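Working notes, structure below.
Protein chains: 2
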Amino acid sequence: MPSSVQNKRIRKSPAARRAEIVAAAAGVALAEGLECITLRRVAEELDVRPGLISHYFPAVDDLVAEAYGNAVGSELDELLPADRADATPTRHLARFFARTTGEAYDDVSRLWLNARHLSRYRPALRDRVSVQEDAWRDRLEGVIRDGVETGEFRTEDPLMTAIQILVVLDGLGMLVNNASADGGPPAVRRLPVTTAERELGLPAGTLAGAPN
Amino acid sequence: MPSSVQNKRIRKSPAARRAEIVAAAAGVALAEGLECITLRRVAEELDVRPGLISHYFPAVDDLVAEAYGNAVGSELDELLPADRADATPTRHLARFFARTTGEAYDDVSRLWLNARHLSRYRPALRDRVSVQEDAWRDRLEGVIRDGVETGEFRTEDPLMTAIQILVVLDGLGMLVNNASADGGPPAVRRLPVTTAERELGLPAGTLAGAPN
DNA sequence: TTGCTTATTGGTCGCACACTCAATAGCATG
DNA sequence: CATGCTATTGAGTGTGCGACCAATAAGCAA
Chain U
1403 MPSSVQNKRI RKSPAARRAE IVAAAAGVAL AEGLECITLR RVAEELDVRP
1453 GLISHYFPAV DDLVAEAYGN AVGSELDELL PADRADATPT RHLARFFART
1503 TGEAYDDVSR LWLNARHLSR YRPALRDRVS VQEDAWRDRL EGVIRDGVET
1553 GEFRTEDPLM TAIQILVVLD GLGMLVNNAS ADGGPPAVRR LPVTTAEREL
1603 GLPAGTLAGA PN
Chain G
1403 MPSSVQNKRI RKSPAARRAE IVAAAAGVAL AEGLECITLR RVAEELDVRP
1453 GLISHYFPAV DDLVAEAYGN AVGSELDELL PADRADATPT RHLARFFART
1503 TGEAYDDVSR LWLNARHLSR YRPALRDRVS VQEDAWRDRL EGVIRDGVET
1553 GEFRTEDPLM TAIQILVVLD GLGMLVNNAS ADGGPPAVRR LPVTTAEREL
1603 GLPAGTLAGA PN
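Protein chains in written order, with the working numbering: chain U, 1403 to 1614; chain G, 1403 to 1614.
This is the structure:
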């Protein structure tokens, strides 16, 4: 008897099952895109019947929004941990750029691009994107503000600087599905770092390394 | 008898009909998005039967790519006319930014965003996006290069400058479906102009006006 | 006017989707 | 061990999509 067939029902607590569903949907979103979050696809992922997904998310749009928020939210925690007690703002920013420049970040770029486009048609998702946009901007602004206080950075408007960095990052992210092979010449890939160093009054190369 | 019902067939030359179909699809793409280019939707637009669209475009993906190329290509001609014999590079750039900053440009921003995401799934579209990307970059680089020659602009690397401007423009375009109301504070909306003036060694405000 | 080429139609097929709901069966509780 | 709650299933509905193809008629040429 093939072990892949699930002949016995597995009954879980609503909270656990719901979390499981969101996690599976987030995985699909990152790997294949938000429009691949379908009742059938997510159900298959968890080896349950599509009706069960509908039971927890009567409107699939809400699952899409939730999955997006989950994926992007935990990525932010990875990128700019909320409790940054141990390292300097400079090291935090360097870590930020090290990760956002890596190829592993492409899936995240794709997800942002995906979500920003799909927002056009799905109100629930649009709201979530706004929330995450604010969260990313606030978190980055916080780091910059800290750096200004310690004297590591120099900028008159931390918020504007944060926005500027994110705009450049988004602009490069637009190319992720397209850029011939590697994503263009190195000078282009380093545009976000260059922008940050310029706007923060840092010598070139300060944020380029790859610390812990 | 209602005039809206088409009881008599209208037979056109293949070239004319094909152009008509592409134009209609481009309109749908700009107004509603590339995923709304369906056999049924385009046929309705032209008051013909869906089968006719299939006849001219056996694979709908090719029509999508063609419609995108048509819309974005003619927008580029509007933005940066190929034969720029009459005005200075500065005036051309000012015109460029005047239009790209206007609200009327939002549909174009949406289309770029749309196309860049959809490229993930549709190879034909992906190729077209690459072509248009190159065209926009080359055209902008040309204007910058001219300006450097006349001494109006000052930059060591016209290509890199062009890319930088387009990246910022794309980054702002990411917000088009989302940005609360107007698209953020004025300082943010002017980011592309600010970037251009900085990178071209121009005094602030040089490119901000709205010439012819 | 007649005939012929072919642009255009009308109808159909199969697929994937979200959503609904009564029936079923895990499993905790007593 | 028996029972009740409810998580889970299975089956079905309706919609919109791309693709396919034989039949039809527009309009040019003879």
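Glycine included, each C-beta is placed from N, C-alpha and C at the ideal position. Values in this document were obtained by computation on a predicted structure and should not be read as measured data.
C-beta neighbour in chain U for residue i, strict 8 Å
| i | result |
| --- | --- |
| G:Ser1415 | no |
| G:Gly1504 | no |
| G:Gly1435 | yes |
Member of the options whose CA lies at the smallest distance from the CA of residue i
| i | options | result |
| --- | --- | --- |
| G:Ala1610 | G:Ser1521, G:Asn1516 and G:Gly1504 | G:Gly1504 |
| G:Gly1586 | U:Gly1549, U:Glu1535, U:Pro1605 and U:Ala1598 | U:Glu1535 |
| G:Thr1490 | G:Arg1592, G:Val1545, G:Arg1600 and G:Leu1441 | G:Val1545 |
| G:Pro1483 | G:Gln1566, G:Asp1464, G:Trp1538 and G:Gly1471 | G:Trp1538 |
| G:Pro1525 | G:Ala1598, G:His1494, G:Met1562 and G:Val1462 | G:Val1462 |
| U:Val1510 | U:Phe1555, U:Ala1473 and U:Ala1469 | U:Ala1473 |
| G:Ser1604 | G:Arg1493, G:Gly1429 and G:Glu1434 | The sequence shown places Leu at residue 1604 of chain G, rather than the Ser named in the question. Answer by Cα proximity: G:Arg1493. |
| G:Ser1521 | U:Met1576, U:Asp1485 and U:Arg1528 | U:Met1576 |
| U:Ala1431 | U:Phe1499, U:Leu1465 and U:Arg1547 | U:Leu1465 |
| U:Gly1573 | G:Thr1552, G:Phe1499 and G:Leu1515 | G:Leu1515 |
| G:Asp1540 | G:Leu1454, G:Met1562 and G:Val1578 | G:Met1562 |
| U:Leu1481 | U:Gly1471, U:Leu1542, U:Ile1423 and U:Ser1456 | U:Leu1542 |
| U:Glu1558 | U:Ala1433, U:Glu1601, U:Arg1528 and U:Thr1597 | U:Glu1601 |
| U:Ala1598 | U:Phe1499, U:Ser1532, U:His1457 and U:Gly1429 | U:Phe1499 |
| U:Leu1436 | U:Asp1548, U:Arg1451 and U:Tyr1523 | U:Tyr1523 |
| U:Pro1588 | G:Gln1566, G:Arg1592, G:Asn1579 and G:Thr1608 | G:Gln1566 |
| G:Val1531 | G:Cys1438, G:Arg1592 and G:Ala1469 | G:Ala1469 |
| G:Leu1527 | G:Ile1439, G:Ile1423, G:Ala1506 and G:Gly1553 | G:Ile1439 |
Simplified DSSP assignment, three categories, for residue i
| i | result |
| --- | --- |
| U:Pro1605 | coil |
| G:Met1403 | Any answer about G:Met1403 is weak, because its pLDDT of 39 lies below 50 and its placement is not dependable; what the coordinates show is given next. In the structure shown, G:Met1403 sits in coil (DSSP, three-state: anything other than H, G, I, E or B). |
| U:Pro1588 | helix |
| G:Tyr1458 | helix |
| U:Val1527 | Val is not the amino acid found at residue 1527 of chain U; the sequence shown has Leu there. Note: U:Leu1527 maps to helix in three-state DSSP. |
| U:Ala1506 | helix |
| U:Pro1491 | helix |
| G:Asp1548 | helix |
| U:Glu1554 | coil |
| U:Met1562 | helix |
| U:Asn1516 | helix |
| U:Arg1439 | For the sequence presented, residue 1439 of chain U should be read as Ile rather than Arg. Coil. |
| G:Asp1449 | coil |
| U:Asp1485 | coil |
| G:Leu1577 | coil |
| G:Asn1409 | coil |
| U:Ala1426 | helix |
| G:Arg1600 | helix |
| U:Ala1433 | helix |
| G:Ser1582 | coil |
| G:Ser1532 | helix |
| G:Ala1610 | coil |
| U:Arg1522 | coil |
| G:Pro1594 | helix |
Partner residues on chain G for residue i, Cβ-Cβ distance less than 8 Å
| i | result |
| --- | --- |
| U:Gly1429 | Per Cβ cutoff of 8 Å: no residues; U:Gly1429 is ~17 Å from chain G at best. |
| U:Asn1580 | Arg1518, Ser1521, Arg1528, Val1531, Ser1532 and Glu1535 |
Neighbouring residues, chain U, relative to residue i (Cβ below 7 Å)
| i | result |
| --- | --- |
| G:Gly1569 | Checking the displayed sequence, the identity of residue 1569 of chain G turns out to be Val instead of Gly. Under the 7 Å cutoff, chain U gives Val1570, Gly1573, Leu1574 and Leu1593. |
is_contact[residue i, chain G] using C-beta, thresh 8 Å
| i | result |
| --- | --- |
| U:Ile1546 | no |
| U:Asn1614 | Note that U:Asn1614 has pLDDT 43, beneath the 50 cutoff, so the model's placement of it is unreliable and the number below is only indicative. With 8 Å as the cut-off, U:Asn1614 does not count as an interface residue toward chain G. |
| U:Pro1404 | At U:Pro1404 the pLDDT is 40, less than 50, meaning the model places this residue with poor confidence; the figure from the coordinates comes in the next sentence. So, not an interface residue. |
Neighbour list for residue i in chain G, Cβ cutoff strictly below 7 Å
| i | result |
| --- | --- |
| U:Ile1565 | Val1590 |
Proximal residues, the region 1597-1612 of chain G versus chain U, C-beta separation under 8 Å: none
Interface residues of the region 1510-1523 of chain G facing chain U [CB-CB below 7 Å] = Arg1512, Leu1515, Asn1516, Arg1518, His1519, Ser1521 and Arg1522
Output needed in chain order: residues of the region 1527-1544 of chain U with a Cβ under 8 Å from some Cβ in chain G.
Arg1528, Val1531, Ser1532 and Glu1535
Closer than 7 Å, Cβ to any Cβ of chain G: which residues of the region 1584-1596 of chain U, in chain order?
Ala1589, Val1590 and Leu1593
Taking any Cβ of chain U, which residues in the region 1438-1471 of chain G have a Cβ under 8 Å from it, in chain order? none
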